[in-house]
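Below: the structure, in structure tokens.
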Amino acid sequence: MDLRDKLGLLIDDMASMRTTVRMQLASIGLEKCDQARDIKEAIDKLTAKHYDLIVCDYNLGKGSDGQQFLELVRRKHILPMTTAFLMITGETGYQQVSTAAEYSPDDYLLKPFTADTLGTRLGRIFDRKEALQSVYQHLGAKTDYAKGLAACDELIEKKSRYMLEALRIKGDLLLAKGRATDALALYDSVLQERATPWAEVGKALALIAYGNPDEARNLLEQALVAYPNYLAAYDALADLLVKTDKFAAQQVVEQALHVASTTQRQRELGALALANKDFERAEGAFRIAVDRDRTGFFKSHDDYAGLARSYVEQDKIQDALTAVKDMGVHFQRTPELAARQAAIESQVYVRAGDEKNAKVALNKAQAAMKSGKLDVNTQLEIAQACFANGQPDEAKSIIQQVAEDNQENEKILDSILAVFEVAGLEDEGALLLDDTKKRMIRLNNEAVSLAKSNELDKAIMMLSEAADRLPNNAQVAINAAQAVLMRIQTTGPDMTQFAQAHRYITQAIKANPLHPKLDPAVAFYRKLAPPGARPLEA
Amino acid sequence: MEILLAAAIHDAKNALNSLGVWLDTAQSECGGPSPALEQAKSIAATVSGQLVELLALYRAGEGSLRMAVEDQHLEDFLADLIAELSATRTTDGAEGAAAPSIQTDFAAATELGAWAFDAYLVKFVLLDALRNALRHARQRIQISVAAESGGGIRFSVADDGDGYPDSILRAEGTAKMTADSSGLGLSFARVIAERHATPAGRHGRLELANDGLGKGGARLSLILP
Chain A
0 MDLRDKLGLL IDDMASMRTT VRMQLASIGL EKCDQARDIK EAIDKLTAKH YDLIVCDYNL
60 GKGSDGQQFL ELVRRKHILP MTTAFLMITG ETGYQQVSTA AEYSPDDYLL KPFTADTLGT
120 RLGRIFDRKE ALQSVYQHLG AKTDYAKGLA ACDELIEKKS RYMLEALRIK GDLLLAKGRA
180 TDALALYDSV LQERATPWAE VGKALALIAY GNPDEARNLL EQALVAYPNY LAAYDALADL
240 LVKTDKFAAQ QVVEQALHVA STTQRQRELG ALALANKDFE RAEGAFRIAV DRDRTGFFKS
300 HDDYAGLARS YVEQDKIQDA LTAVKDMGVH FQRTPELAAR QAAIESQVYV RAGDEKNAKV
360 ALNKAQAAMK SGKLDVNTQL EIAQACFANG QPDEAKSIIQ QVAEDNQENE KILDSILAVF
420 EVAGLEDEGA LLLDDTKKRM IRLNNEAVSL AKSNELDKAI MMLSEAADRL PNNAQVAINA
480 AQAVLMRIQT TGPDMTQFAQ AHRYITQAIK ANPLHPKLDP AVAFYRKLAP PGARPLEA
Chain B
0 MEILLAAAIH DAKNALNSLG VWLDTAQSEC GGPSPALEQA KSIAATVSGQ LVELLALYRA
60 GEGSLRMAVE DQHLEDFLAD LIAELSATRT TDGAEGAAAP SIQTDFAAAT ELGAWAFDAY
120 LVKFVLLDAL RNALRHARQR IQISVAAESG GGIRFSVADD GDGYPDSILR AEGTAKMTAD
180 SSGLGLSFAR VIAERHATPA GRHGRLELAN DGLGKGGARL SLILP
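Sequences listed follow chains A and B, in order.
Each step along the first sequence adds one to the number in numbering that gives the first Met the number 0, with nothing skipped, and position 435 is 434.
Each step along the second sequence adds one to the number in numbering that gives the first Met the number 0, with nothing skipped, and position 198 is 197.
Structure, rendered in structure tokens:
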């Protein structure tokens, strides 16, 4: 394997280790190698340049580790799948890396190792990357599912050495596209040949998509007996249980934390414990989430919000106020952050019986809301504060908008219910969500029947008003685009209208790139669009 | 206790690694092959492997042994195994005789492609078995891999020595102290085999028999589900 043309990035907080590994890399031919001391430097370098190879130490100091880094850069699509990622670890880190669930490195190497071993491992990773290049090039920020699947099929058909990897990626792609029957068939055929944990979990996910959660639960529980350290199985089981049994879900997350304690899982445990009114446990989990990571890269506003709520519910007023204040220390000061802090603070003061300060804080949060678009979680926090301050109508009007905008996002709808539950108004919450759903269905149905009775202009007016107001609602944006395209079909090409259709489809892609109605809309646009119209990127 | 034990074993392993580096330096300084230094390196590697086994057994007993079962390309895995064995192998056999030759039968590895198991732990089981076979062999040892009928794979290590003593063959499942073995390696191998399982309830196992090479040489088989 010729490494002379490759560009590497070496990440380690210890200078002596960087020197040693740098020399080992040079001795096997990799001369071009940048270095980074910590996650911030590494991210700066990764955004500026394309690297062929990352060699990263597991232990990066300041409570951060290579696994967190890998998850961060893969999630944000800063690290393309074509870049090789080798993790170096001591015996302790090995257990964490080798059980990592969603994002695993291409390989890991146990310290100490020789330059020869390093060379062999790198050679293998590059061989694999090259063989799977035809697949990887279609994955990432803009995944092309059709091309990705075709590339997998080609490798499977010619019985490539990396056939199993191709099958695994193909399964993921089928699941992402909601093709449950095809995914199920794939996993069954793999499992007939061999027992392997990823296919068990894949099969369970396919069963869930297929509408058979009971069998999926069974399968995952059995898989965990055979593979008690396979984190992906815990994650899938917890995701499944969250919908039906939050107590069981909390137990599963606790077990997963026993295997590998990651910030993301502590955060999940905290949220579940809050929902289960296990406030002491929630406090512990959020405490770990905010304390452990001293780099600040992996924390979120939600962790401090969760911590503050855990304290409030236990009447630890001072601790809650401190958590709100700490939140301001660890993040960049933005209107978003200020609004979130004010909304939480207001609820703490209500609990402490300090109506005056509660009101001041609430006003501050509400003012921020009027001056700019805020995150969903911040908006819901403000709604929660409104409830606490005895302003249910204001709360509901905020929630109404969030619910309409995120009609198809189950996680957000669940958060909305949680807000009502904290306010002691579960029934009203369910009612509001139900009403919103019916209203959105009615809107879409009315538009469709208007379109059918040749009142396209009216339909477009209705839908575009809704689409402009609800940027996250993919369904509405797709229908708006369809209606505009139908008008073009009857009245002839018109560049302004093509631009409008383009805007709505792009909006839908951004809101939900996997929406099942998206492909037909994109195809419709491409069919009608004259050469001068803006091409769609999807 | 576990943290203390793990830390102590970790330190001891690091010390053995430094020892290995010093022995390498000594070897290059003495200018020619040195059987004594090779012997010393081989012992350091064996002790290091025993420490890993000891920690794993302790953890298994405490219920905290973690296994990372994932697909391994068998060809790569076996190549690593042989490379690691060669790096710490002495060129001399028992009592100064020529070192036994190693035969490999890896045809099935290409056929099978990959299999899911914990490569780190299984590698130690096989390394230990290979070192043991090298100690007892007259002229040759053999390592092979094959598909197991009914599902699973079988790794076999055989030698042309005198075979296992009856006491070991009879002591199925329990570790026995014998004259030249603490039984640590076999106990470890049994635990690692048993801990490999499938959701259908199949478990791995260890088989010992005197149907190896030559007339009644030892054969250790590790069957993974």
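Backbone N, C-alpha and C define an ideal beta-carbon position, used for all residues, glycine too.
Predicted, not measured: the structure shown is a model, and the values here were computed from it.
With a cut-off of 8 Å, does the C-beta of proline 196 of chain A fall near any C-beta of chain B? The Cβ of proline 196 of chain A sits closer than 8 Å to at least one Cβ of chain B.
Give the DSSP-derived three-state secondary structure of valine 68 of chain B in the structure shown. In the three-state reduction of the DSSP assignment, valine 68 of chain B falls in the coil class.
CA-to-CA distance, isoleucine 142 of chain B to leucine 219 of chain B, given in whole angstroms: Their Cα atoms are separated by approximately 10 Å.
Looking only at C-alpha atoms, which of A:Gly371, A:Tyr303 and A:Val349 sits nearest to glutamate 335 of chain A? The shortest CA-to-CA distance from glutamate 335 of chain A to any of A:Gly371, A:Tyr303 and A:Val349 is the one to A:Gly371.
Tell me, please, whether the stretch 233-250 of chain A touches the stretch 269-276 of chain A by the rule of three or more beta-carbon pairs shorter than 8 Å. Touching, per the Cβ criterion.
Quick check on DSSP: helix, strand or coil for methionine 176 of chain B? With a pLDDT of only 48 at methionine 176 of chain B, under 50, the local geometry of the prediction cannot be trusted, and no value is derived from it.
Any idea which residues DSSP pairs aspartate 33 of chain A with across the strands? Note: aspartate 33 of chain A sits in a beta bridge opposite A:Leu8.
Run down chain A in chain order and give the residues with a C-beta less than 7 Å from the C-beta of tryptophan 114 of chain B. Within 7 Å of the CB of tryptophan 114 of chain B, the CB atoms of chain A belong to Arg193, in sequence order along the chain.
May I ask you to list, following chain order, the residues of the stretch 47-65 of chain B that have a beta carbon less than 8 Å from some beta carbon of chain A? If the cut-off is 8 Å between Cβ atoms, the stretch 47-65 of chain B has Arg65 near chain A.
Residues in its own chain within less than 7 Å of isoleucine 287 of chain A by CB, not counting five upstream and five downstream? Setting aside the 5 residues that flank it on each side, isoleucine 287 of chain A is surrounded in the same chain by Gln265, each with a C-beta closer than 7 Å to its C-beta; the list follows chain order.
Bridge partners - methionine 86 of chain A, DSSP secondary structure assignment: Paired residues: A:Cys55 and A:Tyr107.
Suppose the cutoff is 6 Å on Cβ atoms and the five residues either side in sequence are ignored; what does the same chain contact list for valine 475 of chain A look like? Once the five neighbours on either side are set aside, the close Cβ partners of valine 475 of chain A are Ala465, Ala466 and Leu469.
Roughly how many angstroms separate the alpha carbons of valine 347 of chain A and glutamate 420 of chain A, rounded to a whole number? About 17 Å.
What do you get for threonine 262 of chain A, buried or exposed, if any count of 16 or more other CB atoms within 10 angstroms of its CB means buried? The residue is buried, with at least 16 neighbouring Cβ atoms inside 10 Å.
Contact check, leucine 379 of chain A vs alanine 402 of chain A under 8 Å by CB: the rounded distance? With 8 Å as the limit, leucine 379 of chain A and alanine 402 of chain A do not qualify as a contact, their Cβ atoms being about 10 Å apart.
Name the chain A residues that come within less than 7 Å of asparagine 16 of chain B, Cβ to Cβ? Under the 7 Å cutoff, chain A gives Pro111.
Could you give the distance in angstroms between the alpha-carbon of aspartate 171 of chain A and the alpha-carbon of leucine 230 of chain A? Rounded to whole angstroms, aspartate 171 of chain A and leucine 230 of chain A show a C-alpha spacing of 17 Å.
Any chain B beta carbon closer than 8 Å to asparagine 228 of chain A: Output row for asparagine 228 of chain A: interface = yes.
Along the stretch 121-138 of chain B, where does the CB come closer than 7 Å to a CB of chain A? Name the residues. Those residues of the stretch 121-138 of chain B placed with their C-beta closer than 7 Å to a C-beta in chain A do not exist.
Let's test the definition: count the other Cβ atoms within 10 Å of the Cβ of glutamate 282 of chain A and tell me whether it reaches 16, buried, or not, exposed. Answer is buried; the Cβ neighbour count reaches 16.
What residue from B:Leu212, B:Leu73 and B:Asn209 has the CA that sits closest to glycine 151 of chain B's CA? Looking at B:Leu212, B:Leu73 and B:Asn209, the one whose alpha-carbon comes closest to that of glycine 151 of chain B is B:Leu73.
I need the DSSP call for alanine 150 of chain A, collapsed to helix, strand or coil. Collapsing the DSSP output to three states places alanine 150 of chain A in a helix.
Using only CA atoms, which one of A:Phe523, A:Glu536 and A:Ala482 lies nearest to threonine 505 of chain A? When the alpha-carbon of threonine 505 of chain A is set against those of A:Phe523, A:Glu536 and A:Ala482, the nearest one is in A:Glu536.
Range of the contiguous alpha helix (DSSP H) that encloses alanine 47 of chain B: Strictly speaking, residue 47 of chain B in this sequence is serine, with alanine absent from that position. Serine 47 of chain B: member of the alpha helix (DSSP H) spanning 34-61, first to last residue.
Which same chain residues, not among the five before or five after serine 63 of chain A, have their C-beta less than 8 Å away from its C-beta? Result list for serine 63 of chain A: Asp37, Ile38, Asp292, Arg293, Thr294, Phe296 and Phe297, in chain order.
Residue from A:Lys410, A:Lys355, A:Asn408 and A:Gln340 with nearest C-alpha to valine 383 of chain A: Just to set this straight, residue 383 of chain A is glutamine in the shown sequence, not valine. Closest in alpha carbon position to glutamine 383 of chain A, among A:Lys410, A:Lys355, A:Asn408 and A:Gln340, is A:Gln340.
Any C-beta of chain C sitting closer than 8 Å to the C-beta of aspartate 70 of chain B? In the displayed structure, chain C is absent; the protein chains listed are A and B.
Report the rounded CA-to-CA distance for cysteine 29 of chain B versus leucine 24 of chain A, giving the unit in angstroms. Put simply, the backbone Cα of cysteine 29 of chain B is about 28 Å away from that of leucine 24 of chain A.
Would leucine 174 of chain A and proline 212 of chain A be called neighbours here (beta carbons separated by less than 8 Å)? Going by C-beta atoms, leucine 174 of chain A is not nearer than 8 Å to proline 212 of chain A.
Taking the alpha carbon of asparagine 471 of chain A as the reference point, which residue from A:Val200, A:Ile397 and A:Asn511 has its own alpha carbon closest? When each option's Cα is compared against that of asparagine 471 of chain A, the closest is A:Asn511.
Hey, would you say methionine 80 of chain A sits closer than 8 Å to glycine 65 of chain A, going by beta carbons? The Cβ-Cβ distance between methionine 80 of chain A and glycine 65 of chain A does not fall below 8 Å.
Give the list of continuous beta strand (DSSP E) stretches no shorter than 3 residues that lie fully inside the stretch 113-198 of chain A. Entirely contained in the stretch 113-198 of chain A, not one beta strand (DSSP E) run reaches 3 residues.
Relative to chain B, which residues along the stretch 199-225 of chain A have a C-beta separation below 8 Å, given in chain order? Against chain B - using a Cβ distance shorter than 8 Å - the residues of the stretch 199-225 of chain A are Glu199, Leu218, Gln221, Ala222, Val224 and Ala225.
Label glutamate 52 of chain B either buried or exposed according to how many other C-beta atoms from any shown protein chain fall within 10 Å of its C-beta, with 16 as the threshold for buried. Around the Cβ of glutamate 52 of chain B, a 10 Å sphere holds 16 or more other Cβ atoms; the residue is buried.
Member of A:Asp456, A:Glu425, A:Met460 and A:Pro492 whose CA lies at the smallest distance from the CA of alanine 532 of chain A: Closest option to alanine 532 of chain A, Cα to Cα, is A:Pro492.
Would you say threonine 98 of chain A reaches chain B, if we count a Cβ-Cβ gap shorter than 8 Å as a contact? Threonine 98 of chain A counts as touching chain B.
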